[in-house]
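Heads up: the sequence shown begins at 128 in my numbering, then just goes up one per residue.
We put the beta carbon where it would ideally sit given N, CA and C, even for glycine.
Reading through the structure tokens given below for one structure.
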Amino acid sequence: MTDRPMLIAGEHVTAASGQWIDSEDPATEQVIGRVPAGGAPEVERAVAAARAAADGWRRTAANDRAELLHEAVTRSLAINDELVELLTREQGKARPENAEEAEWALTSLRYYAELARNGLGRVVPSAEPDNQLNLVLKEPYGVIGAIVPWNFPLLLLSWKLAPALAAGNTVVIKPSELTSLVTLEWIERCFDHFPTGVINVVTGTGQEAGEALVAHPDVQVIAMTGSVQTGQRIASVAAPMMKHLHLELGGKDAFVVGPDAELESAADALAYAALFNAGQVCTSSERIYVPTARRDDFAEAVRAKVATLRLGPGLSSDTDIGPMAADRFRDKVDDHIREAVDRGARVVIGDGRPDRTGFFYEPTVLVDVDDAMLIMRDETFGPVIPIATYDDVDEVIDRVNVHPMGLGACLRSSDPLLIKRFYERVKAGTIWINDPLTDNYAGPFGGMKLTGGGRELGPEGLETFLETKHVHWDFSQEPKDWWYPY
Ligand code: NAD
128 MTDRPMLIAG EHVTAASGQW IDSEDPATEQ VIGRVPAGGA PEVERAVAAA
178 RAAADGWRRT AANDRAELLH EAVTRSLAIN DELVELLTRE QGKARPENAE
228 EAEWALTSLR YYAELARNGL GRVVPSAEPD NQLNLVLKEP YGVIGAIVPW
278 NFPLLLLSWK LAPALAAGNT VVIKPSELTS LVTLEWIERC FDHFPTGVIN
328 VVTGTGQEAG EALVAHPDVQ VIAMTGSVQT GQRIASVAAP MMKHLHLELG
378 GKDAFVVGPD AELESAADAL AYAALFNAGQ VCTSSERIYV PTARRDDFAE
428 AVRAKVATLR LGPGLSSDTD IGPMAADRFR DKVDDHIREA VDRGARVVIG
478 DGRPDRTGFF YEPTVLVDVD DAMLIMRDET FGPVIPIATY DDVDEVIDRV
528 NVHPMGLGAC LRSSDPLLIK RFYERVKAGT IWINDPLTDN YAGPFGGMKL
578 TGGGRELGPE GLETFLETKH VHWDFSQEPK DWWYPY
């Protein structure tokens, strides 16, 4: 077990409170390390360090910033196996999924290192073209607070850290309490060539460390991924200061099996979309709609697929689905399944918590589900596949849209008319046709409605960390004829 201090201005720092937070391996239930339970004093120190570094960093050439990000990639690759192992031990999901997470995080660093060199400002035509210049500048804000969840701790950090740094901002990171060890490991070993104070990590709970960061007057932007409730709380704390908020919140994504869909491959796609990371993905498919006439065949295809999946510790080579990240997350899954069954749903496969050490939960498929059930309304964030039926494609699109969240939506079909109707009418930030959950780093990711409206990835993900300024420059000091008196 290791005690891992936080990182402020390149120094190891423990909490003034003297308190620590345990980090548990969800597959073994063993404590594998501790991080300090930081709060307002540590946030104060970290923001001061980030502020002191901000001017030098914004004046560093974009090319030099890019080189430092590329160097972080090189350093990460050199310790990739260690990072992936620690990520697996602390977060829980199967090792191949963590290897992908680490790889995708580096793609983010590479992409933004290069994109930010292009510059984003523009020159607009002036009212007096010979005498005037009108410039639209895109400038770094200053200090960014990056608040990160536990389900993809390196990936979702990289989506904030890379564009924020590349744009010339300094950063204070608040990782999740559940995944602080791997965050500290990555930042300490792969980013310590950045100038002092440019990157800082404050560990602690959301209520103590997170909220102190949101409330700090010198933090101009809060970029946060997490639940809707936390996003709402952050928005209310930040509102009086008019902070720029970049919120990536929860989802309740629909997966629609088109009337023409091939069922076996749809079942394979759905198993991945619903069970990746034990269903703990913001874009997990959590509401499944299949034509009524095809319900039984589809449910059987999904059952057969799920029956092949192997539950086990993330580090075992024969594991498909790891444990859930914390014990308490299983309670919500239990509640949702129990309520659905009480209201008439039927379990096709899955038997709750297996009798073994670790926070495992058997992947579960339900039929006879309706939209009024909790399992179709509230984010479950677990390995459950609730299958409902529909009779008409316009009806199902309306049902997809009725939900207050709007992160993503999936459709399996080869019917161009249906596909176009679906992507035009569904209110969600990403529409996946046939290939669920695949991101393209050059395209934006984020949600609509209660999901928050922030966009990461693509040029949009860089713009988030740049403030717009308009410069109107007249070369002459001659008075204008419209100045007083009228
Ligand atoms: P969470 O909201 O509990 O925590 C997220 C982060 O916010 C953590 O670092 C936490 O410590 C911090 N936090 C909590 N309370 C805070 C407060 N009052 N002030 C400041 N910070 C605070 O979410 P989680 O359980 O870590 O992650 C799961 C949630 O994240 C799910 O709802 C999931 O859908 C969502 N998520 C969304 C996306 C997306 O891109 N839209 C991606 C991944 C996860």
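- DSSP, read as helix, strand or coil, puts V325 in coil.
- Cβ-Cβ distances below 7 Å link D149 to V158, R161 in the same chain, with the five nearest sequence neighbours on each side left out; the list follows chain order.
- For G183, the enclosing alpha helix (DSSP H) starts and ends at 167-186.
- Between the segment 313-329 and the segment 346-362 there are fewer than three C-beta pairs closer than 8 Å, too few to call the two in contact.
- With a cutoff of 8 Å on beta-carbon distance, V174 and V270 are scored as near each other.
- Less than 8 Å separates the beta-carbon of A154 from that of G441.
- Here the alpha carbons of E266 and K596 stand approximately 7 Å from one another.
- Boundaries of the alpha helix (DSSP H) harbouring N207: 207-218, taken from the DSSP string.
- Fully enclosed beta strand (DSSP E) runs of no fewer than 3 residues occupy 535-539, 557-560 of the segment 530-578, in order along the chain.
- In terms of CA proximity to A232, V200 leads the group V299, S253, V200.
- Just so you know, the alpha carbons of G377 and A569 end up roughly 22 Å apart.
- In the DSSP annotation of this structure, V496 is not part of any alpha helix (DSSP H), being labelled neither H nor E.
- Contact fails between the segment 458-465 and the segment 424-442, because fewer than three Cβ pairs, one in each stretch, are under 8 Å apart.
- Secondary structure note for S150: its beta strand (DSSP E) is the uninterrupted segment 147-152.
- Rounded to whole angstroms, the gap between the alpha carbons of D387 and C409 is 27 Å.
- Closest option to A452, judged by alpha-carbon separation, among H343, C537, A136, D152: D152.
- Residue V355 holds the alpha-carbon nearest to the alpha-carbon of L534 among V355, S540, Q359, W610.
- Annotated as proximal: G581 and L374, with beta-carbon spacing under 8 Å.
- Apart from sequence neighbours up to five positions away, the residues of its chain that approach D454 with a beta-carbon distance below 6 Å are F486, ordered along the chain.
- With distances taken between CA atoms, A499 lies nearest to A467 out of T484, A467, D478, G479.
- With at least 16 other beta carbons inside 10 angstroms of its own, M532 counts as buried.
- In this structure, L593 lies near L247, with their beta-carbon atoms less than 8 Å apart.
- For the pair G272 and N296, the Cα-to-Cα distance works out to about 10 Å.
- Sequence-distant Cβ neighbours of L195 in its own chain, meaning closer than 6 Å and more than five residues away, are F321.
- Boundaries of the alpha helix (DSSP H) around W231: 222-242.
- At least one heavy atom of the ligand NAD lies closer than 7 Å to the C-beta of F508.
- Contact check for Q407 against T306 fails: the beta carbons are separated by 8 Å or more.
- The alpha helix (DSSP H) runs lying completely inside the segment 331-381 and spanning 4 residues or more are 338-342, 355-365, given in chain order.
- The closest CA to that of G385, considering only L204, N245, E522, D182, is found on E522.
- For E312, the closest C-alpha among the options R360, R249, L213 is that of L213.
- Residue side-chain check: L233 keeps its Cβ at 7 Å or more from all non-hydrogen atoms of the ligand NAD.
- When the beta-carbon positions are compared, R437 and T446 come within less than 8 Å of each other.
- Going by C-alpha positions, P543 is about 11 Å away from Y550.
- With a threshold of 7 Å, the Cβ atom of S354 counts as near the ligand NAD, since some heavy atom of the ligand is closer than that.
- Spatial neighbours of G471 in its own chain (CB-CB distance under 7 Å, excluding positions within 5 residues in sequence) are listed in chain order as D495.
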